[in-house]
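These notes concern the structure reproduced below.
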Amino acid sequence: MFERSRGGEHALLIQPHAGGPPAEGVLEEFAELARSAGASVAGVLAARIDRPSPATLIGSGKLEEARALCEASGADLVLVNHALSPVQERNLEKALQRRVVDRTGLILDIFAQRARSHEGKLQVELAQLRHMATRLVRGWTHLERQRGGAIGLRGPGETQLETDRRLLQKRMDMLQKRLQKVEVQHAQMRRARVRSALPRVALVGYTNAGKSTLFNALTGADAYAADQLFATLDPTVRRVALAGGAIVLADTVGFVRDLPHELVAAFRSTLSEAREADLLLHVVDAGDPLREERIAQVDAVLHEIGAGDLPQLLVYNKIDCIEGAAPRVDRRGEDRQAVWLSARDGQGLDLLREALGERLGLRRVQGEVHLPPEAGRLRARLHALGAIRGERHEAEGSYLRLDLPLAEATRLAGQPDGAPLRALLPADASALPVESAA
45 MFERSRGGEH ALLIQPHAGG PPAEGVLEEF AELARSAGAS VAGVLAARID
95 RPSPATLIGS GKLEEARALC EASGADLVLV NHALSPVQER NLEKALQRRV
145 VDRTGLILDI FAQRARSHEG KLQVELAQLR HMATRLVRGW THLERQRGGA
195 IGLRGPGETQ LETDRRLLQK RMDMLQKRLQ KVEVQHAQMR RARVRSALPR
245 VALVGYTNAG KSTLFNALTG ADAYAADQLF ATLDPTVRRV ALAGGAIVLA
295 DTVGFVRDLP HELVAAFRST LSEAREADLL LHVVDAGDPL REERIAQVDA
345 VLHEIGAGDL PQLLVYNKID CIEGAAPRVD RRGEDRQAVW LSARDGQGLD
395 LLREALGERL GLRRVQGEVH LPPEAGRLRA RLHALGAIRG ERHEAEGSYL
445 RLDLPLAEAT RLAGQPDGAP LRALLPADAS ALPVESAA
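The sequence shown begins at 45 in the working numbering and counts up by one.
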């Protein structure tokens, strides 16, 4: 029996396809996925499968060709750009005498390397265990042995396979409970951001389009950014100051062609940053020849997670890689306005900030208000916001000349001591829910 090796970084890539040659860019992306996981590409084999084999996916002829390529190239790992059933994976490993990983397993491996937050690690482990649970029947002989031999353990007993399944299920149940607790905490944080009345913007896009670089350029943060697939896995949220007010900006995990459904399900709490946003910044690699296809693939995933109807602002990034390209704004109507920029060089960021303010309707309010002597807390908050442009003091209180974002004025006016600010608000913001003092 084939003992499954834990090693293997020198990979043969198998690209199954139906009909004609593989779609443009598919092999290149799969090779980049392999390199992102830490593998070196020893060779590539395209395999036409008009009728997939239930036993091995590819036909016997291609199987022999794959075996010969592995021997010739020294490949000790086989990566298949297709979802494999447990039986297909087991049979391929027996036939090729090498470890076989399908597309889902490869992406899960990359996610496991990238996860940094507690929630991200829990999500990755749960997704990996669910994937592994269907793949315990393999070439490992020890899994078929029964426990026994010692006093009290003889008899029919429990096979190692049954023990592993039971332990896996217990671990998955425990992870699910931990994730539910984390999700409750994150939901409370999101509700707090909603109460702040600040518009919420989420960065979405195909992986390696430059979302994290743009996030750092807009926020001054130091989120990890690299020229690799799935460089960012854990969501990062920061407040960004614009000319008309402030927004909350979230960086999210990148999407990829044929993102496995179990991964979308596992990362539903991460993707909720996109689902609950007021505006999506859809970041696109401007130099990608398949950019329109990438846009359609991201839109498909957004529809799958319930964010397909949210307004979008397209951001064509990496114009520094296109000769003669310059920052600009394409106005294609309210639904598909586009900004061309370079997040790395900072070109066009001012255009993006203006477009954000315009799309989110960030407005400012100015005027004079009278604060009675007992409104000291409100006056302190206005000072903290830098909203006071002048003040004079009279016996009946203070008169403040204010200039502040409408969102901040609306939030403060909705608090129990915020009545003096309500006269500044426009008519469409006058109906405010007043927060309780508790």
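Each residue gets a CB set at the ideal place from its N, CA and C atoms; glycine is no exception.
Since the structure is predicted, the reported quantities are computational estimates derived from the model, not experimental observations.
Inter-residue spacing [alpha-carbon to alpha-carbon] between residue i and residue j
i, j, result
"Phe155", "Leu223", "17 Å"
"Asn135", "Gln232", "47 Å"
"Asp302", "Gln132", "20 Å"
"Ala159", "Lys165", "5 Å"
"Ala344", "Leu468", "43 Å"
"Ala81", "Leu152", "9 Å"
"Glu206", "Leu107", "32 Å"
"Leu219", "Leu170", "6 Å"
"Gln341", "Val300", "8 Å"
"Thr280", "Ala86", "36 Å"
"Leu422", "Gln157", "47 Å"
"Glu53", "Pro98", "27 Å"
"Gly103", "Asp120", "21 Å"
"Lys255", "Gln459", "36 Å"
"Ala463", "His427", "17 Å"
"Ile490", "Gly118", "Residue 490 is absent from the structure shown; the chain starts at 45 and stops at 482."
"Asp208", "Lys214", "10 Å"
"Leu140", "Lys221", "39 Å"
"Val248", "Gly298", "7 Å"
"Arg142", "Ser161", "33 Å"
"Arg375", "Glu438", "51 Å"
"Gly105", "Pro65", "18 Å"
Cβ shell of residue i (< 7 Å), same chain only, five flanking positions each side left out
i, result
"Arg388", "Thr257, Asp364"
"Leu465", "Val413, Ala453, Leu456, Ala457"
"Ala261", "Ala387, Gly390, Leu393"
"Gly69", "Leu334"
"His126", "Pro60, Leu101, Asp146, Arg147"
"Gly411", "Leu446, Leu468"
"Leu395", "Pro371, Val373, Val383, Leu385"
"Tyr443", "Glu412, His414, Glu435, Arg436"
"Arg179", "Pro130, Glu133"
"Glu492", "One cannot answer for residue 492 here, as it falls past the ends of the chain, which runs 45 to 482."
"Leu71", "Gln59, Val88"
From the options, residue whose alpha carbon lies closest to that of residue i
i, options, result
"Ala110", "Ala55, Gly411, Leu393", "Ala55"
"Ser84", "Ser97, Pro65, Tyr250, Leu123", "Leu123"
"Ala226", "Leu136, Met216, Glu435, Gln167", "Note on residue identity: the sequence assigns Val, not Ala, to residue 226. Closest option to Val226, Cα to Cα, is Gln167."
"Glu440", "Thr263, Leu415, Ala451", "Leu415"
"Tyr250", "Val327, His126, Val228, Asp217", "Val327"
"Arg210", "Lys255, Ala177, Gly411, Arg95", "Ala177"
"Arg408", "Pro470, Ala81, Ala265, Asp266", "Pro470"
"Ile291", "Phe299, Leu325, Gly105, Gln229", "Leu325"
"Leu89", "Pro98, Arg95, Ala116, Ala99", "Ala116"
"Arg79", "Leu140, Gln356, Cys114, Leu150", "Leu150"
"Leu286", "Asp329, Ser316, Leu242, Asp322", "Leu242"
"Glu402", "Glu367, Pro355, Leu429, Leu422", "Pro355"
"Glu367", "Gly331, Gln157, Ala294", "Gly331"
"Gln229", "Pro417, Glu163, Asp322, Arg375", "Glu163"
"Ala253", "Lys362, Arg142, Gln381", "Lys362"
"Pro449", "Glu438, Ala463, Gly430", "Gly430"
Rounded Cβ spacing between residue i and residue j (contact assumed at less than 8 Å)
i, j, result
"Asp461", "Ala419", "6 Å"
"Leu212", "Leu173", "6 Å"
"Ala318", "Ala370", "Contact flag wrong, Cβ pair sits at about 30 Å."
"Thr296", "Arg282", "Not confirmed; about 13 Å, so no contact."
"Ile58", "Ala91", "6 Å"
"Gly289", "Leu400", "At roughly 10 Å, the Cβ-Cβ gap does not stay under 8 Å, so Gly289 and Leu400 are not in contact."
"Asp322", "Arg244", "5 Å"
"Gln381", "Leu357", "6 Å"
Same chain only: Cβ atoms within 6 Å of residue i, ignoring 5 sequence neighbours per side
i, result
"Arg433", "Arg445, Asp447"
"Val144", "Val122, Glu133, Leu136, Glu137"
"Gly63", "none"
"Val359", "Leu325, Val327, Val383"
"Leu538", "Given a span of 45 to 482 for the chain in the structure shown, any question on residue 538 remains unanswerable."
"Val284", "Leu262, Thr263, Ile291, Leu293"
"Pro417", "Gly441"
Sequence-distant residues of its chain with Cβ nearer than 8 Å to residue i (five each side left out)
i, result
"Ala67", "His61"
"Met216", "Leu170, Leu173, Arg174, Ala177"
"Ala75", "Leu57, Val85, Val88"
"Asp94", "Ala62, Gly63"
"Ser265", "Residue 265 is actually Ala in this sequence, not Ser. The answer, listed in chain order, is Phe259, Thr280, Arg282."
heavy atom of the ligand ZN below 7 Å from residue i C-beta
i, result
"Ala344", "The ligand ZN is not part of the structure shown, which contains no ligands of any sort."
Q | Complete runs of the beta strand (DSSP E) confined to the segment 94–138 [at least 3 residues] | A | 121–124
Q. What are the complete beta strand (DSSP E) segments, minimum 3 residues, inside the segment 215–265?
A. 244–249
Q.
Which complete beta strand (DSSP E) runs does the segment 388–445 hold, if anything under 3 residues is left out?
A. 408–415, 432–438
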